[in-house]
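Protein chains in written order, with the working numbering: chain C, 1 to 339; chain Z, 1 to 339. Notes follow the structure.
Now the structure itself:
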């Protein structure tokens with residue numbers, strides 16, 4: 001795995017924003033894209049962090065990502081925004097859609113954006129948190145390349161199809177962000193790199209046989225999480241997004257893991273105004289506190305609330321710095337120097 | 001378990017509708033409530049079928065269910081309907097909300113109803129299917145009594161918090177309906193009745209110890225499905241519904257499993273107009289066919305699509321009749337005769 005070094009969030013942010021700007025990304029868009037990657041690092045999700053940047057720069061170079069556009073927005077109905085991303089950076093198109101939806105909410109109460117033809121939107125929790133910071137409930141779903149097999153099947157036919165839900169409370173917001181696969185392909189790759197066996201039930205090989213060999217699994221498919229139920233949820237996301245965004249279904253999706261194809265997945269964002277409900281928000285917070293202090297299976301591991309772990313890791317990383325593989329840091333620095 | 005007899009769907013429907021009418025339920029409401037229970041029987045979900053009827057009649061008798069109201073609807077925003085169910089029958093309040101939302105959709109594109117103070121809404125798939133039959137995407141979530149423990153916890157703190165999603169396609173609609181518990185409390189009860197051991201990981205006893213003893217599990221809590229991810233989803237439903245409907249959180253919920261308390265859970269319905277998209281609907285159907293014919297782990301069990309199994313069971317039950325415990329049938333008939 002090579003050496004890992006600690007870099008301050010500030011210096012990493014400067015490096016990434018600078019690189020994006022050199023590659024022609026306007027400063028506000030560069031700020032958004034860099035923040036998305038760095039927030040993933042801070043929360044301990046390096047698979048969605050700065051390791052994505054060199055590939056993104058290549059996509060900009062080859063025209064697969066247009067650093068200047070926010071996409072073309074079209075209101076299909078009073079509360080439904082259709083977005084042709086025009087190859088925009090993922091967070092740029094999605095945050096522009098959120099900015100466009102928010103003013104509709106006082107009137108309609110909820111609103112939805114369906115986006116196709118934009119680049120990878122990265123860690124969904126970031127958007128859920130952005131919605132909650134505005135006092136809104138945010139639901140984000142997205143599709144990906146085919147990596148997950150159906151329950152009872154053995155071929156990669158579904159995306160990892162993540163779901164994020166952000167709900168404001170009287171304290172920190174509830175932030176759920178989960179992929180509907182049992183594990184991420186990133187985790188399979190890192191097991192392969194370290195030569196570690198996979199857990200039982202994580203994956204099948206190219207012939208469809210259950211395997212604990214990470215190398216074999218890379219050519220195969222990941223199991224859905226939670227058996228038939230998780231499969232059903234991942235499939236619902238697959239269909240919802242394709243139906244609403246007009247994007248491809250998993251077997252035809254490319255462009256979030258390569259530097260050679262346009263990104264033809266889709267993203268759907270729903271925002272809901274929870275209404276004037278400070279009493280309800282306080283009840284949610286009190287309930288979450290009851291959960292945190294409820295009896296734990298292992299007294300050393302208290303019951304956790306989705307979002308808590310990420311926030312704790314973020315605080316530590318802001319204090320101690322972000323762990324980055326030295327090779328990756330060198331690659332980014334050399335890109336900057338040779339630009 | 002006693003004897004099981006087969007009853008035709010028509011005669012069961014007549015019996016249930018007649019009983020409801022004798023108990024003062026207006027004929028259209030009786031038709032809806034009976035259809036909901038019988039559709040659960042037809043699809044092989046007897047825990048949400050006619051076994052619920054005697055208790056519902058008791059709730060009507062004692063004023064916990066008002067057979068005549070559809071609830072009080074209030075548009076909080078152009079696309080958000082708040083409903084005080086006024087103790088309405090669950091399907092009556094929810095279908096009235098669906099009827100009220102649908103006309104808003106051509107203008108707003110999506111709309112939501114949040115309902116509190118209505119009775120049990122039963123099998124969610126029924127509503128998802130009703131939405132899909134109107135050419136709409138339907139998302140329904142609901143809360144229940146505390147039956148499920150948090151991931152890493154051992155106390156029943158969450159409801160089974162089901163999620164249903166209906167998506168129209170060019171063929172039969174995609175109908176997902178899942179509870180966020182690993183199993184239903186109904187299944188625990190039926191294992192207890194038969195003296196069968198539970199599967200590993202299904203439940204804990206009252207002291208929080210993992211157990212395979214169904215009797216002990218009845219006093220304990222059910223595991224969330226899919227580990228931390230399923231727990232997160234169930235918790236998201238818990239918070240979303242309480243926030244939007246103003247209903248109770250699980251530890252304070254009663255009234256869907258007893259005949260003594262008002263039902264203070266909540267239900268949320270979101271309808272989305274998928275737009276003029278016959279080409280997209282055809283793509284979804286083609287993709288679902290690809291999934292059905294994709295390589296199966298066990299060649300004797302082809303890959304299934306959520307909703308397929310229920311439809312098949314329904315066809316068979318319409319032809320062969322519905323399996324009903326004789327004791328339950330006798331109870332219903334005697335209620336009818338002695339009314």
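C-beta: ideal position from N, C-alpha, C; glycine also.
Practice task
For residue 122(C), I'd like the list of residues in its chain whose CB is within less than 8 Å of its CB, leaving aside the five on either flank, ordered along the chain.
Solution key: Taken in chain order, the residues that qualify are 36, 37, 40, 48, 52, 90 and 91.
Practice task
Count the other C-beta atoms from every protein chain shown that fall within 10 angstroms of the C-beta of residue 315(Z), then say buried if there are 16 or more, exposed otherwise.
Solution key: Exposed is the call here.
Exercise for the section: Reducing DSSP to helix, strand and coil, say where residue 82(C) ends up. Expected result: Correct three-state label for residue 82(C): strand.
Exercise for the section: Using a Cβ cut-off of 9 Å (strictly closer), state whether residue 280(C) contacts chain Z. Expected result: Residue 280(C) has a beta carbon lying within less than 9 Å of a beta carbon in chain Z.
Practice task
Classify residue 116(Z) as helix, strand or coil using the three-state DSSP reduction.
Solution key: The answer is strand: DSSP assigns residue 116(Z) an E or B state.
Handout entry: Interfacial residues, the stretch 63-82 of chain C to chain Z, with Cβ spacing under 7 Å
Key = Going along the stretch 63-82 of chain C in chain order, one finds 76, 77, 78, 79 and 80 with a Cβ nearer than 7 Å to chain Z.
Handout entry: Beta-bridge pairing of residue 175(C) - partner residues as DSSP gives them
Key = According to DSSP, which records beta bridges pairwise, residue 175(C) is partnered with 166(C).
Practice task
Report the three-state DSSP secondary structure of residue 299(Z) (helix, strand or coil).
Solution key: Under the three-state reduction of DSSP output, residue 299(Z) falls in the coil class, being neither helix nor strand.
Handout entry: Residues of the stretch 296-319 of chain Z whose Cβ lies closer than 8 Å to any Cβ of chain C, in chain order
Key = Under the 8 Å Cβ criterion, the stretch 296-319 of chain Z contributes 296, 297, 298, 301, 302, 303, 304, 305 and 306.
Exercise for the section: Select from the stretch 243-264 of chain C all residues with a C-beta closer than 8 Å to any C-beta belonging to chain Z, and list them in chain order. Expected result: Within the stretch 243-264 of chain C, the residues whose Cβ lies closer than 8 Å to some Cβ of chain Z are 243, 244, 246, 249 and 251, listed in chain order.
Handout entry: Given residue 249(Z) as reference, the closest of 257(Z), 258(Z), 256(Z) and 238(Z) once Cα atoms are compared
Key = The option with the nearest alpha carbon to residue 249(Z) is 238(Z).
Exercise for the section: Assuming residue 78(C) contacts residue 107(Z) (C-beta within less than 8 Å), just tell me the rounded distance between them. Expected result: About 6 Å; that satisfies the 8 Å criterion.
Handout entry: Residue from 275(C), 228(C), 57(C) and 266(C) with nearest C-alpha to residue 307(Z)
Key = Closest by alpha carbon: 228(C).
Handout entry: Three-way DSSP call (helix, strand, coil) for residue 224(C) in this model
Key = Looking at residue 224(C) - three-state DSSP - the assignment turns out to be strand.
Handout entry: Interfacial residues, the stretch 145-156 of chain C to chain Z, with Cβ spacing under 9 Å
Key = Answer set for the stretch 145-156 of chain C: 149, 150, 151, 152, 153, 154 and 155.
Handout entry: Three-state secondary structure (DSSP) of residue 158(Z)
Key = Looking at residue 158(Z) - three-state DSSP - the assignment turns out to be strand.
Handout entry: the stretch 95-112 of chain C: positions lying closer than 9 Å to chain Z by Cβ
Key = Result list: 105, 106, 107, 108, 109, 110, 111 and 112.
Problem - Cα-Cα separation, residue 170(C) to residue 137(C) - result: So the alpha carbons of these two residues sit roughly 13 Å apart.
Exercise for the section: State buried or exposed for residue 59(Z), treating a residue as buried only when at least 16 other CB atoms are found within 10 Å of its CB. Expected result: By the neighbour-count rule (16 or more Cβ atoms within 10 Å), residue 59(Z) is buried.
Problem - Contacts of residue 226(C) in chain Z (Cβ-Cβ under 8 Å) - result: Per Cβ cutoff of 8 Å: 225, 226, 227, 229 and 230.
Practice task
Have a look at 69(C), 6(C) and 43(C) and flag the residue whose alpha-carbon is nearest the alpha-carbon of residue 309(C).
Solution key: For residue 309(C), the closest of 69(C), 6(C) and 43(C) by C-alpha to C-alpha distance is 43(C).
Practice task
Consider the Cβ of residue 331(Z): report whether some Cβ of chain C lies at a distance smaller than 9 Å.
Solution key: For residue 331(Z), the answer is no, since every Cβ of chain C falls outside 9 Å of its Cβ.
Practice task
For the stretch 249-265 of chain C and the stretch 176-184 of chain C, state whether three or more C-beta atom pairs, one from each stretch, are separated by less than 8 Å.
Solution key: The stretch 249-265 of chain C, when compared against the stretch 176-184 of chain C, does not touch it at the 8 Å Cβ threshold.
Problem - For residue 274(Z), the three-state DSSP class (helix, strand or coil) - result: In the structure shown, the three-state DSSP call for residue 274(Z) is coil.
Exercise for the section: Tell me whether the beta-carbon of residue 139(Z) lies closer than 9 Å to the beta-carbon of residue 243(C). Expected result: When the beta-carbon positions are compared, residue 139(Z) and residue 243(C) stay at least 9 Å from each other.
Practice task
Taking a Cβ distance cut-off of 7 Å, strictly less, list which residues of the stretch 165-191 of chain C are near chain Z, in chain order.
Solution key: Result list: 165, 167, 174, 176 and 178.
Practice task
Could you round the C-beta distance between residue 117(C) and residue 85(C) to whole angstroms and report it? I think they count as a contact, below 8 Å.
Solution key: Between residue 85(C) and residue 117(C) the Cβ distance is about 4 Å, and since that is below 8 Å, they are a contact.
Practice task
Ignore the nearest five residues each way along the sequence and tell me which others in residue 21(C)'s own chain have a CB closer than 7 Å to its CB.
Solution key: For residue 21(C), where only same-chain residues beyond five positions count, the Cβ hits under 7 Å are 27 and 30.
Problem - is_contact[residue 238(C), chain Z] using C-beta, thresh 9 Å - result: Cβ-Cβ to chain Z under 9 Å: yes for residue 238(C).
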